[in-house]
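Heads up, the thing below is written out as structure tokens.
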Amino acid sequence: MSRFARLLPDPWSGLAFLMPFALYLWCLAPSITFYDSGEFITAVDMLGSAHSPGYPLFLLYAKSFTWLPVGSIAFRINLATAVSAALACLGCYHLVRALLEEIPFSEHAAFSRFARTMAALSGALLFAVSPRLWLQSNHDKPYPLLAALTALMVLLLLRWKESYRAGNEQPSWWYAVAFLAGLATGLHQTIVLLLPGLLALVLVTAPGAVLRFREWLLSCAFLLMGGMVQLYLPLRAAAQTRQNWGDPSALSRFLWHLLRQGYPETPHSRDLPLLLKQLSAFSIPHEFGWVGLVLAVAGCWACWKMQRAFLVFCLISLVCFWLVIVGHFNPQAESIFLTEEFYTPLYLLTAVLISLGLYTLAARGVAAAQSPQQYGPQHFVLVSVLFLLVPLFLLMANLRDQDQHRNYLAQDYAVNTLRSLPEDAVLFTWGDSGAFPLWYLQGVERLREDVDLPHIPHLVFAWHRQELPRLAPAFAAVPPAPVAEQLFIDLVAQLSSIRPVLIDFSTRYSINWQGRLPLQYGMLYWPGDGPTAISDGEEWQLYVLHRLRPDGWLLDQDSEKALIIHAYSLMQTAEDLARRGHGATADRLLTQTDRLMPQWQESLGQLRSRYALPLRKED
């Protein structure tokens with residue numbers, strides 16, 4: 005392709021971006037979700053520091069979207085992720101186009117160009133509707149942007165390869181790739197696992213490049229220059245910003261934060277079932293189906309014939325991911341799901357290989373068939389259908405699970421938690437998904453700023469205590485303890501006579517209560533000496549319940565847990581009220597429980613019978 009032709013706009017590349025972006029915008033979560041969402045969005049809005057390793061590049065990238073005059077801050081940052089996911093699809097499109105330039109399709113030039121374009125568009129759409137990327141595009145995640153930078157780095161090396169073979173080598177391509185790799189460490193350190201593959205791509209193309217010490221030294225310098233994005237963490241920590249996870253203002257805390265030393269893995273033995281489960285965290289059949297796996301194998305074969313350097317890069321990258329994630333970290337069975345997101349760049353490469361495989365098989369079919377003298381519109385339509393059929397099937401298979409545009413569960417869980425709290429209360433939380441949505445509502449949307457939200461697992465960290473200045477006298481009054489649960493018990497004893505102290509549902513069922521059990525108050529509990537008045541259930545009038553049932557979107561584990569917390573707390577309150585003779589209120593709460601959990605009808609019917617409450621028709 006001539007240099008002038010490359011300067012012309014490619015309308016198909018516009019589709020490779022706009023079609024995924026339109027899909028993501030349609031399915032975009034309107035607010036926070038569970039897991040890290042509330043904490044991430046709060047850190048972006050305040051330009052603070054997210055959980056280890058900090059994610060400075062993602063925070064800076066997403067911050068620019070908070071200035072858009074549309075939706076809530078959470079929606080705007082979710083939109084930032086949708087844009088980055090669409091950019092990753094665009095990168096997939098250009099990767100396929102670049103790799104197919106050397107793989108012929110037919111003797112008809114225009115038909116071949118169209119087939120290459122359709123194959124590239126197919127790869128972009130295939131990656132767009134894969135469950136992993138689609139799920140990440142709906143809410144705040146750094147991995148789609150990491151995949152987009154991965155595509156850009158490989159594209160730059162392919163352009164270097166092209167210029168090298170033309171006798172016009174330009175090592176500046178190396179420097180650009182090295183700088184982007186350093187910059188990408190501000191998204192996630194797994195970018196380091198791609199470096200051996202990128203190095204192999206260079207050496208397979210030009211084995212003599214191993215002796216070019218000056219260029220390698222300059223590339224290392226550019227790598228460090230890009231990595232200077234990590235300086236954001238100590239600079240913002242020194243400014244004493246809120247949401248300052250780990251307080252990386254000093255070198256030791258910066259390294260603790262950057263190297264994820266706050267997440268130690270307990271050493272454990274490995275058996276064959278665990279090993280297989282760890283390896284299966286990267287699953288082509290789950291993302292692209294078994295047809296996708298077959299086409300990926302065909303793509304590997306095509307690359308071995310025509311683009312061997314790219315195939316070596318893909319295989320070495322997969323081996324590096326497995327060696328570090330599976331071999332070194334050796335995650336336990338219950339935490340393997342946390343590693344699935346790390347493979348997002350590899351799924352981009354897989355989508356490229358699938359497109360190459362489909363293109364190669366189609367080219368063999370065209371070669372085996374009797375070529376027409378003139379290719380008409382029907383041939384172009386047939387090729388379009390051939391390449392777009394697999395993405396269409398994946399779209400239909402995954403649409404229901406990935407459509408999050410009605411997912412208000414995390415926001416309403418947090419609203420319900422904060423809304424019924426007494427004035428000037430202290431609410432202790434336990435799990436991340438129970439705490440992070442509260443951080444967002446209070447820190448970003450300024451809801452219930454009179455409340456303090458200590459997070460029990462973080463009580464042992466000075467940086468978390470510094471973010472609770474109103475509790476400083478209480479922290480100073482309790483003896484230091486290495487165990488968070490002991491600090492919690494001492495703080496409750498210190499604060500209960502001064503301010504209303506409550507705990508969330510997870511705390512209630514995570515602490516070993518050796519004395520009197522906490523007293524229920526809606527979804528919350530009073531530890532120790534609670535109020536003398538017994539709840540009459542009216543706190544449930546303050547809660548948002550009508551948006552909790554999932555309608556057209558798939559519940560993740562924490563969303564399901566939040567739904568169960570609402571329903572179980574409703575049922576517990578109803579049983580207590582029925583026991584004390586408040587039948588009408590108990591009946592109303594049980595009816596709401598049934599709407600949230602229709603699968604509990606048998607238990608609800610037994611409860612109604614026990615307390616002589618009217619049975620519903622479904623009971």
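Residue numbering for the sequence shown follows this note's numbering, beginning at 5 and increasing consecutively. Every residue, glycine too, gets a C-beta built ideally from N, C-alpha and C. Keep in mind it's a predicted model, so treat the numbers as computed, not measured.
Mind checking which residues open and close the beta strand (DSSP E) that includes residue i?
i      : result
Val505 : 505-507
Tyr529 : 528-530
Measure the alpha-carbon distance for residue i versus residue j and round it to whole angstroms.
i      : j      : result
Leu130 : Val389 : 14 Å
Asp407 : Lys67  : 25 Å
Ser141 : Arg452 : 30 Å
Arg469 : Leu463 : 6 Å
Val158 : Leu559 : 35 Å
Gly293 : Ala254 : 48 Å
Leu632 : Ser273 : Here the chain comprises residues numbered 5 to 623, so residue 632 is not present and cannot be evaluated.
Ile36  : Leu149 : 19 Å
Leu365 : Ser514 : 56 Å
Ala371 : Ser110 : 7 Å
Ile107 : Ala313 : 14 Å
Leu362 : Leu319 : 19 Å
Met5   : Ser167 : The predicted position of Met5 is uncertain, since its pLDDT is 48 and thus under 50; a value taken from the coordinates is nonetheless stated next. In a straight line, the C-alpha of Met5 is about 13 Å away from that of Ser167.
Gly369 : Met310 : 18 Å
Ala306 : Gly186 : 31 Å
Asp456 : Phe79  : 25 Å
Trp220 : Leu228 : 12 Å
Ala210 : Val323 : 22 Å
Arg240 : Phe62  : 14 Å
Gln605 : Arg592 : 15 Å
Gln247 : Asp144 : 16 Å
Leu104 : Pro289 : 24 Å
Phe69  : Tyr351 : 26 Å
Val496 : Gly532 : 8 Å
Leu11  : Arg404 : Confidence at Leu11 is low in this model, with a pLDDT of 44, below 50, so the placement of that residue should be treated as unreliable; the coordinate-derived value is given next. One C-alpha to the other measures close to 40 Å.
With hydrogens ignored, establish whether the beta-carbon of residue i is closer than 7 Å to any heavy atom of the ligand MN.
i      : result
Val455 : Absent from the structure shown: the ligand MN. Ligands present: none.
In or out: residue i buried (at least 16 other Cβ within 10 Å) or exposed?
i      : result
Gln603 : exposed
Glu291 : buried
Ala578 : buried
Val133 : buried
Gln518 : exposed
Ser613 : exposed
Leu619 : exposed
Asp540 : exposed
Met527 : buried
In the DSSP assignment, find the unbroken alpha helix (DSSP H) run with residue i in it and report its ends.
i      : result
Val87  : 77-104
Gln610 : 605-614
Tyr65  : 60-67
Tyr525 : Per DSSP, Tyr525 belongs to no alpha helix (DSSP H); it is in the beta strand (DSSP E), 523-525.
Asp405 : 381-406
Lys565 : 561-583
Arg257 : 255-262
Val158 : 147-169
Ile107 : Ile107 -> no alpha helix (DSSP H), and no H or E assigned at all.
Pro135 : 135-141
Asn420 : 413-423
Phe465 : That residue, Phe465, is in no alpha helix (DSSP H); it is neither H nor E in DSSP.
DSSP puts residue i in a beta bridge; with which residues?
i      : result
Val430 : Asp456, Val505
Ser53  : Asn248
Quick one: residues in its chain with C-beta nearer than 6 Å to the C-beta of residue i, no 5 flanking neighbours on either side, listed in chain order?
i      : result
Phe286 : Tyr347
Ala418 : Pro441, Leu442, Leu445
Gly438 : Asp508, Ser510
Phe38  : Ala414, Ser437, Asp562, Ser563
Met122 : Val387, Ser388, Phe391
Leu153 : Leu184, Ala188
Ser284 : none
Ser88  : Pro148, Leu149, Ala152
Phe325 : Leu197
If you measure from the beta carbon of residue i to each beta carbon in chain D, is any gap under 8 Å?
i      : result
Pro148 : In the structure shown, chain D does not exist; there is a single protein chain.
Apart from the five residues on each side of it in sequence, which residues of its chain come closer than 7 Å, Cβ to Cβ, to residue i?
i      : result
Tyr179 : Leu222, Ser223, Phe226
Leu399 : Val133
Val548 : Asp416, Val419, Asn420
Arg101 : Arg120, Ala124
Ala204 : Val316, Phe317, Ile320
Asp623 : Interpretation of Asp623 is limited by its pLDDT of 43, a score under 50 that renders its predicted location unreliable; no figure is taken from the coordinates.
Taking 8 Å as the limit between beta carbons, can you name the residues of its chain near residue i, skipping five residues before and five after?
i      : result
Phe8   : Bear in mind that the predicted position of Phe8 carries a pLDDT of just 42, short of 50, making it unreliable; the figure below should be weighed with that in mind. So the list is empty, once near-sequence residues are dropped.
Leu600 : Leu549, Leu552, Arg553, Leu567, His570, Ala571, Leu574
Thr597 : Ala571, Leu574, Met575, Ala578, Trp604, Leu608
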